[in-house]
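Chains as they are written, first to last, in full-length UniProt numbering: chain X, 1 to 60; chain U, 1 to 474.
Glycine included, each C-beta is placed from N, C-alpha and C at the ideal position.
Bear in mind the structure is a predicted one, so any value in this text is a computation, not a measurement.
Below is one structure, written out as structure tokens, with a few remarks after it.
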């Protein structure tokens with residue numbers, strides 16, 4: 001599958017392409033480098049720990 | 001009789017007994033703070049708005065209550081300005097933005113409600129980084145906040161107006177908000193005390209969100225005891241905040257004694273002492289040694305999941321912030337400052353899988369911290385690995401190398417937001433004319449322990465009684 005560019009990703013979201021597209025691309029590359037770091041993390045069965053509390057936000 | 005200059009320079013712990021005994025009135029203190037703040041604001045730009053008339057009325061009311069024997073506690077009659085993303089009923093809250101410039105809330109934030117119950121006088125609203133989404137406080141809409149220690153330097157952010165106002169005596173204490181470090185960063189850069197409490201201890205209802213799962217509200221003060229007292233005012237369960245936790249509120253002020261004998265301090269070298277300004281590192285290690293000299297034990301700890309923290313913080317904060325501002329980003333992108341517009345656009349690029357994996361990483365980080373706290377009482381680290389640069393600089397010096405300012409400012413503060421653990425920043429010295437802070441991170445709801453350790457450091461007089469030059473000449 002073709003990897004979308006930053007420009008294409010923004011256009012898909014309906015966002016007007018900004019004059020600072022280069023800066024977004026540079027920062028996005030940096031984040032993708034950081035993402036490589038998580039490759040060794042064991043995430044297979046790690047529960048998200050996001051709670052869905054039936055009956056309201058504070059039912060104990 | 002205290003002069004106005006002496007009066008505004010005092011901490012809450014110094015003022016409270018004077019107000020209680022009616023040796024100083026809330027009205028004369030409030031008038032002195034307002035006069036001083038209005039005079040300095042042209043240079044520091046810490047305030048977005050003043051509430052002079054209302055503040056003086058509130059001060060008179062406080063004086064009348066105290067005169068009739070109804071003294072409510074340490075903060076009764078104390079004048080305070082707060083960050084301008086905290087709602088005050090029927091008054092403008094700008095978030096230092098263009099889009100919300102005229103926004104009026106029809107209710108008080110829970111924190112404001114509690115301030116009123118404590119008898120605090122509200123003097124005004126403080127400048128901040130637009131929507132709290134940045135660390136420089138260089139606002140395109142309300143102008144830059146200047147660091148009182150050196151007017152060319154940034155105060156840190158996003159609660160930069162709060163940090164500058166406290167150290168310049170423009171408020172006696174204040175509230176900040178913290179999503180990636182926004183209480184602790186300006187506290188470190190301005191040489192004051194800043195506490196990010198445990199997530200859920202202080203209600204964030206009525207605070208404009210930056211990233212719901214990372215947002216906190218907390219005290220920024222002149223002293224550790226002031227922070228402990230303000231936390232007592234703010235803490236407590238609130239059904240209006242879905243993340244509020246129903247725990248009992250402790251008497252934090254009673255836990256601030258400075259006795260650290262037998263306490264175990266953890267030092268994590270791989271993450272928190274990696275790529276740190278040499279002077280900052282020395283000051284933090286010296287402070288740890290001073291605690292050891294007072295009888296604390298120092299133990300090395302490992303927190304392996306810290307290597308995922310920066311990625312998890314970026315994915316979570318950028319995604320949540322972009323969700324909040326998505327509609328305005330589509331409809332009126334030019335109304336945002338360039339820097340935050342870029343961050344909102346960046347946050348649109350992540351997938352749902354990226355966000356959910358970041359939440360898995362957060363849980364791993366929480367578990368690693370929990371394991372570490374089985375062996376230690378607190379962890380001590382630099383608040384910032386750098387010292388704030390000139391206003392307008394996007395790069396900052398790190399041991400002779402120019403590095404990205406934003407990335408390096410939130411690197412050590414972000415983990416406490418991801419985990420929700422409490423973290424306290426206290427001053428530990430100077431690099432040149434700029435203050436340096438260290439942060440004390442502890443187990444959930446152990447704010448009393450953090451404040452006690454912070455107080456022990458404070459007793460070593462790390463700032464040597466120095467004041468910003470602007471206070472000497474004004």
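| query | For the candidate residues U/83, U/48, U/316, U/19, whose alpha-carbon lies nearest to that of residue 62 of chain U? | reply | Stepping through the second chain from its first residue, residue 62 of chain U is reached at position 62. Nearest of U/83, U/48, U/316, U/19 to residue 62 of chain U, Cα basis: U/19.
| request: Report yes if the CB atom of residue 43 of chain U is closer than 8 Å to the CB atom of residue 470 of chain U, and no otherwise. | output: In the second chain, residue 43 of chain U corresponds to position 43, counting from 1. In the second chain, residue 470 of chain U corresponds to position 470, counting from 1. Less than 8 Å divides the Cβ of residue 43 of chain U from the Cβ of residue 470 of chain U.
| task | Report all residues from its chain with a CB closer than 8 Å to the CB of residue 405 of chain U; omit the five preceding and five following residues, and keep chain order. | result | Counting from one through the second chain, the residue named residue 405 of chain U turns up at place 405. 135, 136, 386, 389, 393, 394, 395, 396.
| Would you call the CB atoms of residue 253 of chain U and residue 225 of chain U closer than 8 Å? | Reading the second chain from its first residue, position 253 is the one you call residue 253 of chain U. Reading the second chain from its first residue, position 225 is the one you call residue 225 of chain U. Taking 8 Å as the Cβ cut-off, residue 253 of chain U and residue 225 of chain U qualify as a contacting pair.
| said: According to DSSP, simplified to helix, strand and coil, what is residue 380 of chain U? | reply: For this step, residue 380 of chain U is matched to residue 380 along the second chain. It is a strand residue.
| query | If you measure from the beta carbon of residue 342 of chain U to each beta carbon in chain C, is any gap under 8 Å? | reply | Absence of chain C from the displayed structure is noted, the protein chains being X and U.
| query | To which residues does DSSP link residue 89 of chain U through a beta bridge? | reply | To locate residue 89 of chain U, count along the second chain from 1; it is residue 89. By DSSP's assignment, residue 89 of chain U forms no beta bridge with any residue.
| task | Kindly list the residues whose CB is nearer than 6 Å to the CB of residue 41 of chain U, restricted to its own chain and excluding five residues on each side of it in sequence; keep chain order. | result | In the second chain, the residue the question calls residue 41 of chain U occupies position 41. Cβ within range, chain order: 47.
| message | Tell me which residue opens and which closes the alpha helix (DSSP H) that residue 282 of chain U is part of. | response | In the second chain, residue 282 of chain U corresponds to position 282, counting from 1. 278-293 is the extent of the alpha helix (DSSP H) around residue 282 of chain U.
| request: Would you be able to state if there are at least three C-beta pairs under 8 Å between the region 51-67 of chain U and the region 45-60 of chain X? | output: In this structure the region 45-60 of chain X does not touch the region 51-67 of chain U; the number of beta carbon pairs closer than 8 Å is below three.
| request: Excluding the 5 residues preceding and the 5 following residue 120 of chain U in the sequence, name in chain order all residues of the same chain whose CB lies nearer than 7 Å to its CB. | output: Residue numbering aside, residue 120 of chain U sits at position 120 when the second chain is read from its first letter. 75, 78, 80.
| Counting only beta-carbon atoms, is residue 6 of chain X nearer than 8 Å to chain U? | Looking up residue 6 of chain X in the first chain gives position 6. Yes, because at least one Cβ of chain U sits closer than 8 Å to the Cβ of residue 6 of chain X.
| message | Can you check whether the C-beta of residue 22 of chain X is within less than 8 Å of a C-beta belonging to chain U? | response | Within the first chain, residue 22 of chain X is the residue found at index 22, counting from 1. Closer than 8 Å: no.
| Which one of U/107, U/356, U/310, U/328 has the shortest CA to CA distance from residue 34 of chain X? | Locating residue 34 of chain X in the first chain gives position 34, counting from the first residue. For residue 34 of chain X, the nearest C-alpha among the options comes from U/310.
| said: Let me check you understand the geometry: is the CB of residue 436 of chain U closer than 7 Å to at least one non-hydrogen atom of the ligand NAD? | reply: Within the structure as shown, the ligand NAD is missing, as the structure has no ligands at all.
| Cross-chain neighbours of residue 345 of chain U in chain X, by beta carbon under 7 Å | Reading the second chain from its first residue, position 345 is the one you call residue 345 of chain U. Residues of chain X passing the Cβ test: 10, 15, 18, 24.
| Going by the CB atoms, is the gap between residue 20 of chain X and residue 270 of chain U shorter than 8 Å? | Residue mapping note: residue 270 of chain U aligns to position 270 of the second chain, counting from 1. Residue mapping note: residue 20 of chain X aligns to position 20 of the first chain, counting from 1. Against a cut-off of 8 Å, the Cβ pair of residue 20 of chain X and residue 270 of chain U comes out as no contact.
| said: Please tell me whether residue 181 of chain U and residue 414 of chain U are closer than 8 Å, where the distance is taken between their beta carbons. | reply: Locating residue 181 of chain U in the second chain gives position 181, counting from the first residue. Locating residue 414 of chain U in the second chain gives position 414, counting from the first residue. For residue 181 of chain U and residue 414 of chain U, yes; Cβs fall inside 8 Å.
| task | Return the CA-CA distance between residue 129 of chain U and residue 161 of chain U, expressed in angstroms with no decimal places. | result | If you number the second chain from 1, residue 129 of chain U lands on position 129. If you number the second chain from 1, residue 161 of chain U lands on position 161. Computed Cα separation, rounded: 9 Å.
| Taking C-alpha atoms, which residue in U/435, U/138, U/331 lies nearest to residue 340 of chain U? | Counting from 1 along the second chain, the entry for residue 340 of chain U is found at position 340. With distances taken between Cα atoms, residue 340 of chain U lies closest to U/138.
| request: Please state if the CB of residue 428 of chain U and the CB of residue 468 of chain U are separated by a distance shorter than 8 Å. | output: By one-based count along the second chain, residue 468 of chain U stands at place 468. By one-based count along the second chain, residue 428 of chain U stands at place 428. Not in contact: residue 468 of chain U and residue 428 of chain U (Cβ atoms no closer than 8 Å).
| query | Going by the beta-carbon positions, is the gap between residue 123 of chain U and residue 30 of chain U smaller than 8 Å? | reply | What you label residue 123 of chain U is simply residue 123 of the second chain in a count that begins at 1. What you label residue 30 of chain U is simply residue 30 of the second chain in a count that begins at 1. Their beta carbons are under 8 Å apart, which means residue 123 of chain U touches residue 30 of chain U by this criterion.
| Residue-chain proximity (residue 274 of chain U, chain X), Cβ-Cβ < 8 Å | Walking along the second chain from the start, residue 274 of chain U turns up at place 274. Not one chain X Cβ lies under 8 Å of residue 274 of chain U.
| said: Which residue wins for smallest C-alpha separation from residue 70 of chain U, given the options U/21, U/209, U/9? | reply: Looking up residue 70 of chain U in the second chain gives position 70. If we check each option's Cα against that of residue 70 of chain U, U/21 comes out closest.
| query | What number of angstroms, rounded off, separates the C-alpha of residue 195 of chain U from the C-alpha of residue 4 of chain X? | reply | By 1-based counting over the second chain, the position of residue 195 of chain U is 195. By 1-based counting over the first chain, the position of residue 4 of chain X is 4. In a straight line, the C-alpha of residue 195 of chain U is about 42 Å away from that of residue 4 of chain X.
| field | Range covered by the alpha helix (DSSP H) that runs through residue 372 of chain U | value | To locate residue 372 of chain U, count along the second chain from 1; it is residue 372. It spans 352-372 - the alpha helix (DSSP H) in which residue 372 of chain U sits, taken as one unbroken run.
| message | Strictly below 9 Å CB to CB, what residues from chain U border residue 29 of chain X? | response | Taking the first residue of the first chain as position 1, residue 29 of chain X is located at position 29. Per Cβ cutoff of 9 Å: no residues; residue 29 of chain X is ~11 Å from chain U at best.
| task | Work out the CA separation of residue 7 of chain X and residue 475 of chain U for me, nearest whole Å. | result | The question about residue 475 of chain U has no answer here: the residues shown for chain U are numbered 1 through 474.
| said: What does the Cβ neighbour count give for residue 353 of chain U, buried or exposed, with the cut at 16 atoms within 10 Å? | reply: One-based indexing of the second chain puts residue 353 of chain U at position 353. When all chains shown are included, residue 353 of chain U counts as exposed.
| So is residue 143 of chain X in contact with chain U if we call contact Cβ pairs under 8 Å? | Look at the range of chain X in this structure, 1 to 60, and you will see that residue 143 of chain X is not part of it.
| query | Which residues in the same chain as residue 24 of chain X place their Cβ atom closer than 8 Å to its Cβ, once the five residues preceding and following it in sequence are excluded? | reply | Within the first chain, residue 24 of chain X is the residue found at index 24, counting from 1. Spatial neighbours of residue 24 of chain X in its own chain (CB-CB distance under 8 Å, excluding positions within 5 residues in sequence) are listed in chain order as 6, 10, 18.
| Residues in its own chain within less than 8 Å of residue 257 of chain U by CB, not counting five upstream and five downstream? | Sequence index remark: in the second chain, residue 257 of chain U carries index 257 (1-based). These residues qualify, in order along the chain: 452, 455.
| When the Cα atoms are used, what is the spatial distance from residue 149 of chain U to residue 3 of chain U? | Position 149 of the second chain holds residue 149 of chain U. Position 3 of the second chain holds residue 3 of chain U. The straight-line gap from Cα to Cα measures roughly 23 Å.
| task | Please compile the residues from chain X whose C-beta is within a distance smaller than 8 Å of the C-beta of residue 338 of chain U. | result | Within the second chain, numbered from 1, the residue matching residue 338 of chain U stands at position 338. 20, listed in chain order.
| Segment contact, 8 Å Cβ cut-off, at least three pairs: the region 187-206 of chain U with the region 237-254 of chain U | yes
| message | Between which two residues does the alpha helix (DSSP H) holding residue 63 of chain U run? | response | Taking the first residue of the second chain as position 1, residue 63 of chain U is located at position 63. Element bounds for residue 63 of chain U: 52-67.
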